[in-house]
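Colleague: One structure coming up, written as structure tokens, with questions to follow.
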Amino acid sequence: MVWKDHNDESKGIAPCSYTIENNTYSIKIEQTAEERKEDLKSWMEFLGNMWGDWRGWWVSGAIAISFITDTYPRTHTNTDIALLRESDLLDYMIERAEQNNLYLFQRLRSYKKTWSKDDIRKYEVFYPISKKEAISNLKSNRNYQFCSIDHNGNIVNENRIYDRIKLYFHHLDKKERLISSEDKRVIEPSWLSNTSIYTTRTSKKVYSVSLDYLQFNKRSMLSSWRWGKNPKHRQDLERIMQYFEKKSLQAVIQPLGLV
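1 is the number of the first residue of the sequence shown in the working numbering; add one for each residue after it.
Here's what the structure looks like:
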């Protein structure tokens with residue numbers, strides 16, 4: 001990958017398609033649950049300092065499930081962000097992200113190729129999106145994500161939460177209903193909650209979507225042909241259900257003075 005100008009990174013990335021080999025796809029990072037928890041807290045500190053001055057975005061996906069349920073069974077390989085489809089918000093997020101070597105791309109394609117029995121590799125095709133292009137195309141789901149870029153202008157590809165931030169847009173339709181721009185589903189407004197999952201050292205807050213939204217998403221994924229066989233999604237749903245069951249039990253026994 002190359003910058004538009006080798007002497008001035010601020011001019012951005014050359015407008016070409018880039019095919020990236022995910023050479024760490026099958027490598028598992030060995031960490032304890034406590035180490036994974038500390039990694040996530042460090043990442044929330046970063047996100048809060050980068051975007052915490054503006055509301056309208058929420059941590060979603062498996063990371064949100066980990067924080068809300070306080071369970072950390074695996075290493076997360078990307079970050080999911082739910083956000084409102086607002087041009088000013090996206091403008092702000094792009095500007096602050098680029099200051100931290102995170103650039104907006106559209107992922108055009110993702111596929112796996114089997115080279116041998118024990119060698120299955122994942123490939124992803126990205127195209128850099130300018131701020132102007134991103135904002136002008138906000139009405140469509142474009143599979144946008146921020147990718148970490150190293151000093152040589154290469155997309156960092158190490159399957160870490162720091163290297164991929166996937167964006168999932170939401171908007172109000174003509175009937176004032178909240179809609180997921182990705183799959184056109186009607187979303188309960190309360191699902192984009194005011195739940196703070198982290199407060200930075202400078203008192204900036206990071207919010208997450210509600211666990212009801214996460215449960216809804218996981219059930220939908222498990223019923224699809226594409227995601228239904230992935231054991232991670234079933235594990236995530238089990239964590240959610242166990243958390244709800246624990247909360248229900250506490251609601252029963254607390255009035256009885258048993259806790």
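The beta-carbon is built from N, C-alpha and C at its ideal position, and this holds for glycine as well.
Could you name the residues of the same chain whose beta carbon sits closer than 8 Å to that of Ile81, not counting the 5 residues immediately before and after it, in chain order?
Modeller: Trp57, Trp58, Val59, Ser60, Ile165, Lys166, Leu167, Tyr168
Colleague: Please state whether DSSP places Arg234 in a helix, a strand or coil.
Modeller: helix
Colleague: With the cut-off set at 8 Å, would you say Leu104 and Ala134 are in Cβ contact?
Modeller: Result yes, Cβ atoms of Leu104 and Ala134 sit closer than 8 Å.
Colleague: Mapping the DSSP letters down to three states, classify Asp91 as helix, strand or coil.
Modeller: helix
Colleague: Which one of Tyr144, Ser136, Lys117 has the shortest CA to CA distance from Phe126?
Modeller: Tyr144
Colleague: Is Lys174 closer than 8 Å to Gly52 when the C-beta atoms are compared?
Modeller: Cβ atoms of Gly52 and Lys174: not closer than 8 Å.
Colleague: According to the neighbour-count rule (16 or more other Cβ atoms, all chains shown, within 10 Å of its Cβ), is Gly228 buried or exposed?
Modeller: exposed
Colleague: Sorted by chain position, which residues of the same chain lie with C-beta nearer than 8 Å to Arg55's C-beta, five sequence neighbours on each side aside?
Modeller: The residues are Tyr207.
Colleague: Our contact map puts Met44 next to Ile197 with C-beta atoms below 8 Å; I'd like the distance itself, whole angstroms only.
Modeller: 7 Å
Colleague: Where does Trp227 sit, in a helix, a strand or coil, going by DSSP?
Modeller: coil
Colleague: Using 10 angstroms around the beta-carbon of His6, count the other beta-carbons present and answer buried if the total reaches 16, otherwise exposed.
Modeller: exposed
Colleague: State the beta-bridge partners of Tyr103 as determined by DSSP.
Modeller: Cys147
Colleague: By the 10 Å Cβ neighbour count, where 16 or more other Cβ atoms means buried, how is Trp191 classified, buried or exposed?
Modeller: buried
Colleague: Please report the residue range of the alpha helix (DSSP H) in which Thr19 lies.
Modeller: First-last for Thr19: 18-22, but that is the beta strand (DSSP E), not the alpha helix (DSSP H).
Colleague: For the segment 146-153 against the segment 174-185, do three or more pairs of beta-carbon atoms, one drawn from each stretch, fall closer than 8 Å, so that the two count as touching?
Modeller: no
Colleague: In this structure, how does DSSP classify Ala82 when only helix, strand and coil are distinguished?
Modeller: strand
Colleague: Note down the Cα distance separating Arg185 from Thr199, rounded to an integer number of angstroms.
Modeller: 31 Å
Colleague: In whole angstroms, what separates the C-alpha of Cys147 from that of Leu102?
Modeller: 5 Å
Colleague: Suppose the cutoff is 8 Å on Cβ atoms and the five residues either side in sequence are ignored; what does the same chain contact list for Leu40 look like?
Modeller: The beta carbon of Leu40 lies closer than 8 Å to those of Ile63, Ser66, Phe67, Tyr72, His76, Ile161 in the same chain, with the five residues before and after it left out.
Colleague: Quick check on Trp54: does DSSP put it in helix, strand or coil?
Modeller: coil
Colleague: Tell whether a beta-carbon distance below 8 Å holds between Leu214 and Ile240.
Modeller: yes
Colleague: At the level of alpha carbons, what is the spacing between Ser110 and Thr19?
Modeller: 9 Å
Colleague: Under 8 Å between the Cβ atoms of Arg74 and Lys232?
Modeller: yes
Colleague: How many Å lie between Asn159 and Ile149 at the Cα?
Modeller: The alpha-carbon atoms of Asn159 and Ile149 are separated by roughly 14 Å.
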